[in-house]
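What follows is a set of notes on a single structure, which appears directly below.
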Amino acid sequence: MRFRSVFRASLANIKTSRSRCFRRSFSRLQPQSDRPSFGIAFDIDGVILRGRTPVGGSPQALRRLYRDDGTLKIPFLFLTNGGGVPESKRASELSQLLGIEISPQQVVQGHSPFKEVVNRYENELIVAVGKGEPAAVMSEYGFKKVLSIDEYASYFKDIDPLSQYKTWRIKQTYDENSSMELHPRYDVYSDRVKAAFVVSDPVDWGRDIQVLCDILRYGGLPGRDKGHQPPIYFASDDLEYQAVFPAERLGMGAFRIALEGIFNSVSSSPLEYTSFGKPNPFVFKNAEVILTQLVSDIYHIQDNMDGGTGHEFSTLYMIGDNPKVDTNGAMKAGHPWFSMLTRTGVFRGKDNDSQFPADLARLLLSKDALAENLAPIRRVVVRLRTGHETISTL
Ligand code: G3P
Ligand code: MG
């Protein structure tokens, strides 16, 4: 797995755009002495939600992070490997499901880092794969020539030899009968696809693997001469995640393995790809920048000469359910990250995970190590545990 450090160049950009939005939501002047020395990153699937249902007492727990007047008290964000809709839409959905006001800047999805490569592909033809609105996500990031894989595939008659058996496809906008009458928005027959982005969990694995193999083997022009493999980016590499079904579901990492296995069998050179999302430490670095910006927006801290706020967190809590990505990511990111593991999702063990042990277990073992600023987060966690479906921390 490769991850290019595309974050670094544009972390500064986050500040300017986010500032404007935050000032609106957190405009009440707060005393500087209240400035929290900690922030929180919540995983979504398996911690806050299962499908669209809140886990345990998560809405009540999150409400504790706001003041009585509804303004944010504790800087927090959602750090999920999921996605499929623009951050603004996810923020509204979460606000509705959880009954709190969440701003788009508090939502970091697996595909959020894709905006960092917009300069490379801004005017190039790209294909976006996955559930939800993958093309809308990429367009919102500034990519100008995006086609969803559904639309792209619809322009190539018989590219999916099984499509006639997929009765559920009849409902789709780009069905087999109408596809040939559609005039492609871009010249897909001579314009090479310059990159493919797996934005969210693919829906039709068989068709998507077929079409991606075509794009990747034929240099971005399916059915033509073999050519150099265009880059493919994955929003995350989760093998499994927790949804509504009692057992874990196969995630984007599983799709990547399937695509890679097949591509490597039919192609003379192995698949080259880049994966984003947790556990990459850059994701956590990015989250830290956003949380710092949140504090400065809540407390109206002016940026100093070097563009920083001078605010430093003593602790940033990552609350997750998947040791491999959530705990491992916090561990790789190092100080000030501190991992807390729940048992409501992927992790079902009795004790700590043996491969990626969370920090809270160690803290509970040595009481003297309990930092003073852990108290508020413990209250939140206790609240999380009050639901009938217990979230217990290690
Ligand atoms: O597709 C969702 C998934 O891979 C994980 O989401 O919120 O647990 O990081 P989350
Ligand atoms: Mg999770």
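Numbering (this note's numbering), first residue to last: 1132 to 1525.
Cβ atoms here follow ideal geometry from the backbone N, Cα and C, with glycine treated the same way.
All values derive from a computational prediction rather than experimental measurement.
Using a C-beta cut-off of 8 Å, the stretch 1360 to 1369 makes contact with the stretch 1393 to 1410, since at least three inter-stretch Cβ pairs fall below that distance.
Using a cutoff of 8 Å, the CB of residue 1175 counts as near ligand 2, since one of the ligand's heavy atoms is closer than that.
In the DSSP assignment, residue 1415 falls outside any beta strand (DSSP E) and within the unbroken alpha helix (DSSP H) covering 1412 to 1429. Annotated three-state conformation of residue 1167 is coil, per DSSP.
Runs of alpha helix (DSSP H) with 4 or more residues, each lying fully within the stretch 1198 to 1226, are absent. Here residue 1326 has 1252, 1257, 1361, 1362 as same chain residues with Cβ atoms under 6 Å from its own Cβ, once five neighbours each way along the sequence are excluded. Relative to ligand 2, residue 1477 has its C-beta within less than 8 Å of a heavy atom. Assigned with DSSP and collapsed to three states, residue 1253 falls in coil, not helix or strand.
Between ligand 2 and the CB of residue 1240, the shortest heavy atom gap is not smaller than 8 Å. Judged by DSSP secondary structure, residue 1363 falls outside any alpha helix (DSSP H) and instead within the beta strand (DSSP E) spanning 1363 to 1365. Residue range 1326 to 1329 is occupied by the beta strand (DSSP E) that includes residue 1327. In the structure shown, residue 1287 adopts coil according to DSSP, grouped into three states. The beta carbon of residue 1344 sits closer than 7 Å to the beta carbons of 1393, 1394, 1397 from its chain, once the five residues preceding and following it are set aside; these are given in chain order. By the C-beta density criterion, residue 1483 is buried, having at least 16 other C-beta atoms within 10 angstroms. Between residue 1290 and residue 1274, the alpha-carbon positions lie close to 25 Å from each other.
Residue 1453 is positioned such that its CB atom lies closer than 9 Å to that of residue 1476. In the three-state reduction of the DSSP assignment, residue 1399 falls in the coil class, being assigned neither a helical nor a strand state.
In the structure shown, residue 1469 falls within a strand segment according to DSSP collapsed to helix, strand and coil. Spanning the alpha carbons of residue 1384 and residue 1371 requires a straight line of approximately 7 Å. Contact annotation: residue 1448 and residue 1469 have beta-carbon atoms nearer than 9 Å. With a cutoff of 9 Å on beta-carbon distance, residue 1329 and residue 1413 are scored as not near each other. Excluding sequence positions up to five before and after residue 1277, its CB lies within less than 7 Å of the CB of 1257, 1259, 1266, 1269, 1270, all in the same chain and listed in chain order. In the DSSP annotation of this structure, the continuous segment of the alpha helix (DSSP H) that includes residue 1272 starts and ends at 1265 to 1272.
The beta carbons of residue 1231 and residue 1180 sit about 13 Å from each other, so the pair does not count as a contact at 8 Å.
Burial state of residue 1293 is exposed, judged by a 10 Å Cβ sphere holding fewer than 16 other Cβ atoms. Only exposed fits residue 1314, as fewer than 16 other CB atoms lie within 10 angstroms of its CB. When C-alpha distances from residue 1402 are compared across 1486, 1347, 1209, the shortest belongs to 1347. The DSSP-derived three-state label of residue 1185 is strand. Per DSSP, residue 1334 is not a residue of any alpha helix (DSSP H), being assigned neither H nor E. At least one heavy atom of ligand 2 lies closer than 8 Å to the C-beta of residue 1451.
Residue 1210 is a Cβ neighbour of residue 1174, given a cutoff of 9 Å.
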